[in-house]
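Residues in the sequence shown are numbered consecutively from 1368, following this note's numbering. Each remark here refers to the structure printed beneath this line.
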Amino acid sequence: MAWPRVRLVVTADDFGYCPRRDEGIVEAFLAGTVTSVSLLVNGATAESAAELARRHSIPTGLHANLSEGRPVGPAGHGTSSLLSPEGFFLGKMGFREAVAAGQVALSQVREELEAQLSRFRELLGRPPTHVDGHQHVHVLPGVCQVFAEVLQACGVRFTRLPLEGGIGRCAWLEAPARAFACTVECDARAAMDHFSRHGLRWTDAFVGLSTCGRYMTAHRVLGAVARALEDNPTGHTLSVELMTHPGYPSVPPAGGCGEGPDAFSCSWERLHELCVLTAPTLRARLAQDGVQLCALEDLESKRPEEGVS
């Protein structure tokens, strides 16, 4: 495969979700495949995960969470448009439906994001290397503008733009997964202007929607990277982020963000990702194709005024 020069950031999401998830993520980092992590500061093991990040010098960003578990900000002390009557976030689809219906107060989104950034600094003793969104909430209409404003005010430069080329051609995706991925892609495209205007940076390309959980194979990861590079110029080194979710399956009641671990976390799919990422096949193929693994903070990432292809 004749690729241009490629620098690949492999980010493991949901660090701090449960002890077994964290164990697998650290294993993938020490194996040299995962290059950065995104921490859930409202996760059940956020404190011990932060200690692991310090111990192993793992580049760590914030996995901003507005959809699962309990909040860390003022919303947790009273009624809030972000929460159910039971005091939990509204869920992956519930939050999206509330945003679409205009039922979410963006001022409360801002307060929660600021509180999570503050909690991150308490846990790590420094700002995050990057901030992305749990279940891609950071690219939702309205939310994306507040997200960009908060990151700019806090001096965070790097984020994730989950815009994966060719997602509609991934025939192996089941219909619900493909529909969700296409929705995320549409939201990301619309959020791009807000991110640019507030000085945020991201990689030249993104992959991971088509290789999540059971759908991940070394062949599909390589194919996703190849598709991501199709429309990018080849005159300079290109940066790509691969979103991953490795780990050992959660064992209830341990884990989660206040409600216990979800079905995906308890399934074999997390272990499957861990096995693909740490097996020699993927790393050998990446090296063969001249791909350099690196952390997001090591990149001269996309300048905001350049946009994306």
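Backbone N, C-alpha and C fix where the C-beta goes; we use that ideal spot for every residue, glycine too. What you are looking at is a predicted structure, and each value in this text was computed from that prediction instead of being measured.
Since residue i contacts residue j with CB under 8 Å, what's their CB separation in whole angstroms?
i              : j              : result
glycine 1440   : glutamate 1478 : 5 Å
proline 1426   : serine 1403    : 4 Å
histidine 1497 : proline 1529   : Histidine 1497 to proline 1529, Cβ: 13 Å. No contact.
Which residue from the options puts its Cα closest to that of residue i?
i              : options                            : result
glycine 1614   : Arg1374, Val1376, Ala1416, Ser1451 : Ala1416
glycine 1532   : Glu1541, Leu1576, Trp1569          : Leu1576
arginine 1581  : Gly1492, Val1498, Trp1635          : Trp1635
proline 1494   : Gln1475, Val1504, Phe1525, Ala1472 : Phe1525
alanine 1431   : Cys1385, Trp1569, Cys1511, Pro1620 : Cys1511
cysteine 1661  : Leu1528, Thr1400, Gly1566          : Thr1400
histidine 1534 : Asp1656, Ser1563, Phe1573          : In the sequence under discussion, the amino acid at residue 1534 is isoleucine, which differs from the histidine named in the question. Closest by alpha carbon: Phe1573.
arginine 1564  : Gly1623, Cys1642, His1423, Gln1519 : Gln1519
leucine 1638   : Gly1383, Arg1388, Val1466, Arg1372 : Arg1388
glutamate 1453 : Arg1437, His1612, Ala1544, Met1460 : Arg1437
alanine 1557   : Arg1545, His1505, Ala1546, Gly1623 : His1505
Straight-line CA distance for residue i to residue j?
i               : j               : result
threonine 1648  : alanine 1585    : 7 Å
serine 1606     : glycine 1445    : 43 Å
leucine 1419    : arginine 1463   : 32 Å
glutamine 1470  : leucine 1507    : 13 Å
serine 1433     : histidine 1603  : Note that residue 1433 is leucine in the sequence shown here, rather than serine. Each residue's Cα considered, the two are about 37 Å apart.
alanine 1491    : glutamate 1481  : Correcting the residue identity first, residue 1491 is leucine in this sequence and not alanine. In a straight line, the C-alpha of leucine 1491 is about 16 Å away from that of glutamate 1481.
leucine 1596    : leucine 1589    : 11 Å
glutamate 1664  : alanine 1654    : 21 Å
valine 1618     : proline 1628    : 8 Å
arginine 1568   : tryptophan 1539 : 31 Å
arginine 1422   : alanine 1468    : 44 Å
methionine 1583 : aspartate 1656  : 19 Å
serine 1448     : isoleucine 1392 : 33 Å
serine 1451     : glutamate 1435  : 11 Å
Taking 9 Å as the threshold (C-beta atoms), are residue j and residue i in contact?
i               : j                  : result
aspartate 1499  : aspartate 1380     : yes
histidine 1561  : alanine 1593       : no
leucine 1407    : glutamate 1608     : no
glycine 1566    : phenylalanine 1455 : no
arginine 1527   : asparagine 1409    : no
alanine 1395    : leucine 1666       : no
methionine 1610 : cysteine 1579      : yes
valine 1476     : glycine 1509       : yes
Whole runs of the beta strand (DSSP E) within the region 1563-1593, excluding any shorter than 3 residues
1572-1574
Only counting runs of 3 or more residues, tell me where the beta strand (DSSP E) segments fall wholly within the region 1407-1464, in order along the chain.
1427-1431, all fully within the region 1407-1464.
Could you tell me which whole alpha helix (DSSP H) segments of length 4 or greater appear in the region 1481-1563?
1510-1521
Which runs of the beta strand (DSSP E) fall wholly inside the region 1591-1650 and span at least 3 residues, in chain order?
Runs found: 1605-1611.
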